[in-house]
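The structure under discussion appears below in the form of structure tokens.
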Amino acid sequence: MAIVSPASVIDPELVTGAVATLGAMGFDPVVYPHSLGRHGSYSGSREERLEDLRRAFQDERVRAIICSRGGYGTVHLIEALADLDLADDPKWVVGFSDISALHALLASRGVVSVHGSMAKQLAVGPKDEINQQLYRVLRGERPTYRWAAHQYNHPGKARGTLRGGNLAVLGGLIGTPYDDLLRDSLLFIEDIAEPIYKVERILYGLRLSGVLPSLRGLVVGQFTDYRASLDYAAMEDMIRDMVAEYGYPVAFGAPVGHVDGNVHLLHGAEAAIAVDGKGTTLKF
Numbered sequence: 000m001a002i003v004s005p006a007s008v009i010d011p012e013l014v015t016g017a018v019a020t021l022g023a024m025g026f027d028p029v030v031y032p033h034s035l036g037r038h039g040s041y042s043g044s045r046e047e048r049l050e051d052l053r054r055a056f057q058d059e060r061v062r063a064i065i066c067s068r069g070g071y072g073t074v075h076l077i078e079a080l081a082d083l084d085l086a087d088d089p090k091w092v093v094g095f096s097d098i099s100a101l102h103a104l105l106a107s108r109g110v111v112s113v114h115g116s117m118a119k120q121l122a123v124g125p126k127d128e129i130n131q132q133l134y135r136v137l138r139g140e141r142p143t144y145r146w147a148a149h150q151y152n153h154p155g156k157a158r159g160t161l162r163g164g165n166l167a168v169l170g171g172l173i174g175t176p177y178d179d180l181l182r183d184s185l186l187f188i189e190d191i192a193e194p195i196y197k198v199e200r201i202l203y204g205l206r207l208s209g210v211l212p213s214l215r216g217l218v219v220g221q222f223t224d225y226r227a228s229l230d231y232a233a234m235e236d237m238i239r240d241m242v243a244e245y246g247y248p249v250a251f252g253a254p255v256g257h258v259d260g261n262v263h264l265l266h267g268a269e270a271a272i273a274v275d276g277k278g279t280t281l282k283f
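In numbering that gives the first Met the number 0, the protein residues as written are 0 to 283.
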């Protein structure tokens, strides 16, 4: 198991805690050479971060790659990583936030990855339920999640390929070979510190391109630390209005994003969603 830092600088103590947790779970984590470095705001230069990821992807002994944190910087690497035969020896890649760019690359190659915990959560310890959840996923379990009903939900059932992640990151990949915001998908979205109007701008782009109307279903995760506008006090209100006319199931309040309890989603996997008056079930 490799621990890498594809983006921003990480607190070494969090990585130490993550190593202890993963070791207690029976894994053999190895911290790659540039994971704890610093190059401006990044954990290393582009070449150093790329070197670590290349090594991890090409080492047949590595079965899982844990990203230490997000921040910004993963997008620097995906063009070069695309030259690798990522589907030849697929590995679990785990992370979220800025790591959504890496998930998008893997999905473009038909490889399923894990939108979930990084070093900060792992450092909490092996008995933590979210960390236990990751353990089960890495060991092969296909999870089922349930959460409470929300007043803005659209009831219904759907099946499809689950795609998505951090909306700002994925919005930057629209029109590229790694565009993950595709028609006919089950889409999940989350974000942090994005003003409501910027999220609305991305959703309008998806509407105009035909992606938003064509979805099989939408899972709305947690939008945190955002700035309200004169038009909307809450992000959920804006998203409600953006999807009001669509008949597919929409599930608000998903435990996904920059929050405690961020569950592990199998990005690029087939999933089924059911939304009714009692809540939402998402099953892989």
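Every residue gets a Cβ at the ideal spot worked out from N, C-alpha and C, and that includes glycine.
By a beta-carbon distance limit of 8 Å, P32 contacts D51. Their separation comes to about 6 Å. V249 and S96 have their C-alpha atoms some 21 Å from each other.
A check of alpha carbon separations from A1 across E46, D183, A118 identifies A118 as the nearest. Counting C-beta atoms within 10 angstroms of its own C-beta, Q132 has 16 or more neighbours from the protein chains shown and is therefore classed as buried.
With 16 or more other Cβ atoms from the protein chains shown falling within 10 Å of its own Cβ, S67 counts as buried. For E199, the secondary structure class from DSSP, reduced to helix, strand or coil, is helix. Exclusion of the five residues before and after G267 leaves H102, L105, A106, G109, V110, V111, S112, T160, L161, R162 as the residues of its chain whose Cβ lies within less than 8 Å of its Cβ. In this model, K277 and Q120 are separated by some 29 Å (Cα to Cα). Scanning the stretch 45-126 from its first residue to its last, the whole beta strand (DSSP E) runs of 3-plus residues come out as 63-66, 91-94, 112-114. Contact check between the stretch 73-86 and the stretch 224-233: fewer than three CB pairs, one atom from each, fall below 8 Å, which does not count as touching. Taking the C-beta atoms as reference points, A167 is found no nearer than 7 Å to G216.
The beta carbons of L13 and A122 sit closer together than 7 Å.
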